[in-house]
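In our numbering, each residue's number is its place in the sequence shown (first place is 1) plus 1.
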Amino acid sequence: MSTINNIIHNLYLHRRFFMFGVGIICVFVVGFFISVFFLIGKISFVIMVLFLMFDLLIVYNADKGISGDRILPEKMSNGDQNMIRISLRNHYNYKVICDIIEEIPVEFQVRDFCLNKILMAGESVMLQYQLRPTFRGQVTFGKLHVFVTSPIGLIKRRFVFLENRSIAVYPAFVLMQKYELLAFSQKLLYHGLKKVRRLGHTMEFENIKEYVAGDDFRTVNWKATAKSNKLMVNQYQDERAQAVYGIIDQGRVMKMPFDGLSLLDYAINACLAVSNIVLKKNDYMGFLSFSKKVENRVIAERKATQMQRIMEALYNVKSDFFESDYGRLYSDVKRNIPHRSLLLLFTNFETRDGMLRQLPYLKVLAKNHLLIVIFFQNTELEILSNHTTNNTQEIFDKIIAEKFIFEKKLIVSELKKYGIHSILTKPEHLTIDTINKYLSLKAGGRI
């Protein structure tokens with residue numbers, strides 16, 4: 002009884018069955034007026050039933066007609082394309098047509114997913130597709146459904162594989178690895194990263210090397226020159242072990258969306274990429290986020306597990322609709338970060354007045370630390386300001402957009418007046434510009 006129920010439960014009629022059925026019905030209708038068509042209809046019906054029975058027999062003849070599996074990554078990268086693979090093997094001794102339907106996590110809102118593949122007898126195949134999450138957290142993949150059609154093509158047999166499996170979506174570690182390669186290669190200029198001329202000297206010795214044209218004569222090592230009978234110079238490297246903190250505002254100003262991701266997610270992805278570069282440069286990296294209170298704090302260290310600790314802290318950052326308390330941020334920084342450090346503050350100011358309310362706290366932070374305020378250009382306003390106007394209302398809209406764009410530039414000027422570094426950037430350029438700023442400060446001996 003259970004076998005019959007299983008057959009019925011996984012049996013579906015193909016579109017071809019209904020097409021033949023409609024055709025036979027039409028023949029019977031014509032047979033009411035022309036008797037020979039009635040006989041043709043009977044014969045056609047019997048043939049169709051025989052083909053249907055034969056199709057059932059060959060499709061259900063094998064218990065394991067198709068085997069399938071889904072291969073997921075250990076974790077998914079937020080904002081990046083993540084590869085999902087499906088492996089299938091045909092155990093039938095004839096060619097089959099497979100329709101693959103995935104129960105993709107509801108968060109992706111993909112409601113029409115279907116892959117089609119023809120498998121020859123005994124053939125194995127690896128299919129793949131990509132998903133781009135625009136959120137962080139746990140997602141659950143459901144079952145994998147494979148509908149098999151024989152060459153006759155009157156019915157479909159469904160095979161169901163796998164149980165529900167959860168996977169975590171982490172900040173963009175794929176982007177992090179990409180910029181790690183770029184930051185330590187010669188391809189920086191092609192991606193917006195730039196090398197900066199060093200101002201003066203850092204005094205951390207690295208090695209002694211033979212003089213080449215362009216080396217500073219002040220670094221000549223005369224003792225090594227006398228021993229080797231060649232002109233030798235001391236080579237210095239960037240001073241290490243400087244503390245860098247990524248500070249993310251998780252208040253209401255970071256809720257604004259852009260290309261599917263919120264500004265908060267862009268800040269998290271950029272902070273992760275910068276953290277990796279900082280640790281590779283042998284500096285200390287820490288992190289904290291704040292809104293009504295300071296949370297997700299990671300003290301700046303250079304342990305082997307520091308990158309994982311920062312990633313877990315970034316994974317747990319959530320935006321809310323509260324106004325961010327910069328006063329509490331200042332008191333927390335003063336209490337927990339006693340030494341002068343580089344503070345990368347990811348936030349957003351839409352108006353000059355909004356920045357002026359927080360300026361007293363930014364000034365005292367900049368007094369004790371090297372503060373960089375990182376905020377965002379509103380790309381939608383820039384598109385609107387470049388739009389050709391056709392009526393009075395559009396002129397008003399364009400003027401207002403230009404006013405807000407100009408206010409962003411005023412914010413940069415106001416911060417500069419008080420000696421506060423700032424980065425005004427588009428969301429898609431945030432990671433590049435932040436890494437650039439860190440590398441330029443590092444090369445200039447500011448940290």
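For glycine and all other residues, C-beta sits at the position ideal for the given N, C-alpha and C. As the structure is a computational prediction, the values presented were derived from the model and not from experiment.
Helix, strand or coil for D226 per DSSP? The question names Asp, but residue 226 in the sequence shown is Thr. The three-state reading of DSSP puts T226 in helix, counting H, G and I together.
Could you check the C-alpha separation between N297 and I338 for me, to the nearest Å? Linking N297 to I338 through their CA atoms gives a straight-line distance of about 15 Å.
Given L371 as reference, the closest of I400, L343, A227 once Cα atoms are compared: Looking at the Cα atoms, L343 is the closest of the given residues.
From E381 to I401, what distance separates their C-alpha atoms? Using only the alpha carbons, I get a separation of about 12 Å.
Does the count of Cβ pairs from the segment 408–421 and the segment 354–373 closer than 8 Å reach three? By the Cβ criterion, the segment 408–421 is in contact with the segment 354–373, since at least three pairs of Cβ atoms, one from each stretch, lie closer than 8 Å.
Please state the DSSP three-state secondary structure of D398. Three-state DSSP puts D398 in a helix.
Is L345 closer than 7 Å to F291 when the C-beta atoms are compared? Contact flag unset, no.
Could you tell me whether the segment 90–104 touches the segment 66–78, using the rule of 3 or more Cβ pairs below 8 Å? With the cut-off at 8 Å, the segment 90–104 and the segment 66–78 touch.
Would the beta-carbon of L264 fall within 7 Å of that of N349? Taking the C-beta atoms as reference points, N349 is found nearer than 7 Å to L264.
Is DSSP giving Y13 helix, strand or coil here? Looking at Y13 - three-state DSSP - the assignment turns out to be strand.
Please confirm if the segment 76–86 is in contact with the segment 47–57, defined as three or more CB-CB distances below 8 Å between the two stretches. Segments in contact, no.
Measure the alpha-carbon distance for N317 versus M255 and round it to whole angstroms. Rounded to whole angstroms, N317 to M255 spans 15 Å at the Cα level.
Who are the Cβ neighbours of L315 in its own chain at under 6 Å, not counting the five residues just before and after it? So the qualifying residues of the chain are P172, I269, L273.
Rounded to the nearest angstrom, how far is the Cβ of F96 from that of M121, given a contact under 8 Å? The identity of residue 96 in the sequence shown is Lys, whereas the question assumes Phe. With a Cβ gap of about 5 Å, K96 and M121 count as contacting.
C-beta neighbour in chain C for R159, strict 7 Å: Among the chains of the structure shown, chain C does not appear; only one protein chain is present.
Considering only C-alpha positions, which residue in the set Q129, L360, D64 is nearest to E415? Checked all of Q129, L360, D64; the closest Cα to E415 is L360.
With a threshold of 16 other CB atoms inside 10 Å of the CB of F18, please say whether the residue is buried or exposed. Under this definition F18 is a buried residue.
Can you tell me whether A63 is helix, strand or coil according to DSSP? A63 sits in coil when the DSSP states are folded into three classes, being neither helix nor strand.
In the DSSP assignment, find the unbroken beta strand (DSSP E) run with D100 in it and report its ends. Boundaries of the beta strand (DSSP E) around D100: 97–103.
At a cut-off of 6 Å, is K65 close to the ligand MN when judged by its beta-carbon and the heavy atoms of the ligand? This structure lacks the ligand MN, and indeed carries no ligand of any kind.
Between the C-alpha atoms of L440 and N391, what's the straight-line distance to the nearest angstrom? The straight-line gap from Cα to Cα measures roughly 45 Å.
Tell me, please, which residues DSSP counts as bridged to S88. S88 is bridged by DSSP to D70, M127.
If contact is defined by three or more beta carbon pairs under 8 Å, each pair taking one atom from either stretch, is the segment 126–140 in contact with the segment 271–286? Segments in contact, no.
Give the C-beta separation of I248 and M286 to the nearest angstrom, bearing in mind that I take them to be a contact with Cβ-Cβ under 8 Å. In this structure I248 does not touch M286 by the C-beta definition: roughly 12 Å separates them, more than the 8 Å allowed.
On the DSSP bridge list, what partners appear for Q139? When DSSP reads this structure, Q139 sits in a beta bridge with A169.
Thinking C-beta only, is G252 closer than 7 Å to F323? The answer is yes: Cβ separation under 7 Å.
Where F323 sits in the DSSP three-state scheme: Here F323 carries a coil assignment [DSSP, helix/strand/coil].
Can you tell which of L163, F405, A63 has its C-alpha closest to the C-alpha of T352? For T352, the nearest C-alpha among the options comes from F405.
In terms of residue numbering, what span does the beta strand (DSSP E) encompassing Y285 cover? 285–291 is the span of the beta strand (DSSP E), which, as asked, contains Y285.
Buried or exposed: L465, going by 16 or more other Cβ atoms within 10 Å of its Cβ? The structure shown does not extend to residue 465, since the chain is modelled only from 2 to 448, so the question has no answer here.
DSSP three-state label for T220, please. Helix at T220.
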